[in-house]
Amino acid sequence: METSEILKKVRKIEIKTRGLSNNIFAGQYHTAFKGRGMAFSEVREYQYGDDVRDIDWNVTARFHRPYVKVFEEERELTVMLLIDVSGSLEFGTQVQTKKDMVTEIAATLAFSAIENNDKIGVIFFSDKIEKYIPPKKGRKHILYIIRELIDFHPESRRTDVGMAVEFLTSAMKRRCTAFLLSDFYQRKEFTQPLTICNRKHDVVAIQVYDQRAKTLPDVGLMKVCDAETGHEMIIDTSSKRLRRAHTQYWLNRQQQLTEVMNKSRVDHVSIATDEDYVKKLLALFQMRG
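Numbering-wise (numbering that gives the first Met the number 0), the sequence shown opens with residue 0 and increments by one.
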């Protein structure tokens, strides 16, 4: 893609997503993700009703009177976007590809973070870490992120979510809020690394999918290709049995994904490429608020 074309796309996405984050998400995002971390502020004398677990025994011993630690909410967050850039994200039969929607959602979250004076960083992953952008503040940094989202070319086409969250667990020393954006198109189990990561950080999963993954149209013979392996085959979509099997396969996969998220205690949402992601994200934020 030419530089002028990329810049045009960046500007278009900035105008749309910045407006959304300013007008809609600022308050909701703040409520959903702020104040989860607590920082030690000072000590004061124990008062009736204080939690005994907050007693500072060293200070208490020194002054022979009970003192408690006072904590304040950490106002500044570090937000990490874990972006799946594998081959399957290029697919799209509706208004846009999965990659286009992931880019818009990521940009909206990035502007929401900046509105709240948070740092934002990105991990692009396939079945390896393709690129790591350390967290920073500022509009210039966000525009760099959006540009990378639009024009990033991964080395691999496969997916490994487990490896990506393992990298986040080890790379980020302090607790952060992490948005994991993917179609979760993989067979490899990732419950354990996701559980470990969510204990250390606050992970939120956003699945983006195309309606064709759920239902096949009746259009006769159709050539299909696995975007991650390159395997091609001809299928007969006029077969009711085939269409039913396709939908059942999707439902089974979704059930497995829900089980993984529930076991890992990760809040998650599924958004189709022809759906309004604003409504879905607001519902997720309100659930956490």
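We put the beta carbon where it would ideally sit given N, CA and C, even for glycine.
With burial defined as no fewer than 16 other Cβ atoms inside 10 Å of the residue's Cβ, what is the status of Tyr184: buried or exposed?
Tyr184 comes out buried.
Take Gln206 as the anchor and find which of Gly161, Pro65 and Ile82 has the nearest alpha-carbon.
Ile82
Which one of Ala282, Leu215, Leu6 and Trp249 has the shortest CA to CA distance from Asp182?
Taking only the C-alpha atoms, the option nearest Asp182 is Trp249.
Report yes or no: do the segment 158 to 176 and the segment 123 to 130 share at least 3 C-beta pairs separated by less than 8 Å?
Cβ pair count under 8 Å is three or more, so yes.
Work out the CA separation of Ile270 and Gly91 for me, nearest whole Å.
Annotation note: pLDDT 47 at Gly91 (below 50); position unreliable, coordinate value reported separately. Taking C-alpha positions only, Gly91 is separated from Ile270 by approximately 13 Å.
How should Ser3 be labelled, buried or exposed, when 16 other C-beta atoms within 10 angstroms of its C-beta is the threshold for buried?
exposed
Any alpha helix (DSSP H) of 4 or more consecutive residues that is wholly inside the segment 66 to 131:
97 to 114
8 Å contact criterion, which Met79 and Pro153 should meet: CB distance rounded
Contact flag wrong, Cβ pair sits at about 18 Å.
4 or more residues per run - each alpha helix (DSSP H) lying fully within the segment 132 to 185:
138 to 150 and 160 to 170, all fully within the segment 132 to 185.
Could you compute how far the alpha carbon of Ser111 sits from the alpha carbon of Phe284?
12 Å
Segment limits, alpha helix (DSSP H) that includes Val203:
Here Val203 belongs to no alpha helix (DSSP H); instead the beta strand (DSSP E) covers Asp201 to Tyr208.
Simplified DSSP assignment, three categories, for Glu258
helix
Candidates Glu103, Phe124 and Arg287, of which the one nearest Pro10 by Cα
What sits at residue 10 in the sequence shown is Arg, not Pro. Arg10 has its Cα closest to that of Glu103, out of Glu103, Phe124 and Arg287.
What did DSSP end up calling Ser263 once you bin it into helix, strand or coil?
helix
Would you grab the beta carbon distance between Leu340 and Glu13 for me? Rounded to a whole angstrom, and I think it's under 8 Å.
Residue 340 falls outside the range modelled here, since the chain spans only 0 to 288, and no answer is possible.
Determine the extent of the alpha helix (DSSP H) in which Gln285 is found, giving its start and end residues.
Tyr276 to Arg287
Verify whether the separation of the beta carbon atoms of Val67 and Tyr45 is less than 8 Å.
yes
DSSP beta-bridge partners of Glu13:
DSSP lists no bridge partner for Glu13.
Indicate the three-state DSSP secondary structure (helix, strand or coil) for Val268 in the structure shown.
In this structure, Val268 counts as strand in the three-state DSSP scheme.
Quick one: Cα of Val277 to Cα of Ala105, how far?
Distance between the alpha carbons of Val277 and Ala105: 12 Å.
Assigned exposure category for Pro216 - 16 Cβ within 10 Å defines buried
Answer is exposed; the Cβ neighbour count stays below 16.
Nearest neighbour of Thr30, chosen from Arg61, Lys15, Leu76 and Phe62 [CA to CA]:
Scanning Arg61, Lys15, Leu76 and Phe62 for the CA closest to the CA of Thr30 turns up Leu76.
I think Lys279 touches Val265, with their Cβ atoms under 8 Å apart; what is that distance to the nearest whole Å?
Not a contact, Cβ separation roughly 16 Å.
Bounding residues of the alpha helix (DSSP H) (the contiguous stretch that carries Phe189):
Note, Phe189: premise wrong, no alpha helix (DSSP H); not H, not E.
Specify the secondary structure class of Arg43 as computed by DSSP and reduced to three states.
strand
In the DSSP output, which residue or residues are listed as bridge partners for Ile54?
Val67
Determine the closest residue to Thr16 out of Met232, Thr246 and Glu114, with distance taken between C-alpha atoms.
Glu114
Buried or exposed, going by whether 16 or more other CB atoms sit within 10 Å of the CB of Leu179?
buried
When burial is assigned at 16 or more other CB atoms within 10 Å of the CB, is His63 buried or exposed?
exposed
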